[in-house]
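If you read the sequence shown in the working numbering, its first letter stands for residue 1, the second for the next number, and so on.
Every residue gets a Cβ at the ideal spot worked out from N, C-alpha and C, and that includes glycine.
Only a predicted model underlies this, so the values are computations on that prediction, with no experimental measurement involved.
Notes follow the structure.
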Amino acid sequence: MTDVNDLISELRTAIQSQSFPEIMTPAQAAQFMGVSEDYLRDHRKARSGPPYSQPATKIVRYMRSDLINWLNRSRVAA
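Structural data, given as structure tokens:
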């Protein structure tokens, strides 16, 4: 059954990826991941969240591929 769940997860990720831009704002990244913007901000401060870019002091951007890779690395086997 795990194989089916993995396929469903991969399909869900592929579908979500198509509806989100490659470079995302924190709000878009939070929606993509199903978390709050506060969650992302807190993890940025703790340096424990997904990789991000900060091209200017108050501008934060996330790459879609980085978010997917971070989620995959954070998976817990059931």
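Taking the C-beta atoms as reference points, P50 is found nearer than 8 Å to D66.
The three-state secondary structure of A77, taken from DSSP, is coil.
Between the segment 3 to 15 and the segment 36 to 49 there are fewer than three inter-stretch CB-CB distances shorter than 8 Å, so the stretches are not counted as touching.
Within the same chain, and ignoring the five residues on either side of R64 in sequence, the residues whose Cβ sits closer than 8 Å to its Cβ are S17, F20, P21, E22, I23, M24, F32. Each residue's CA atom was taken as its position, placing E37 and T13 some 20 Å apart.
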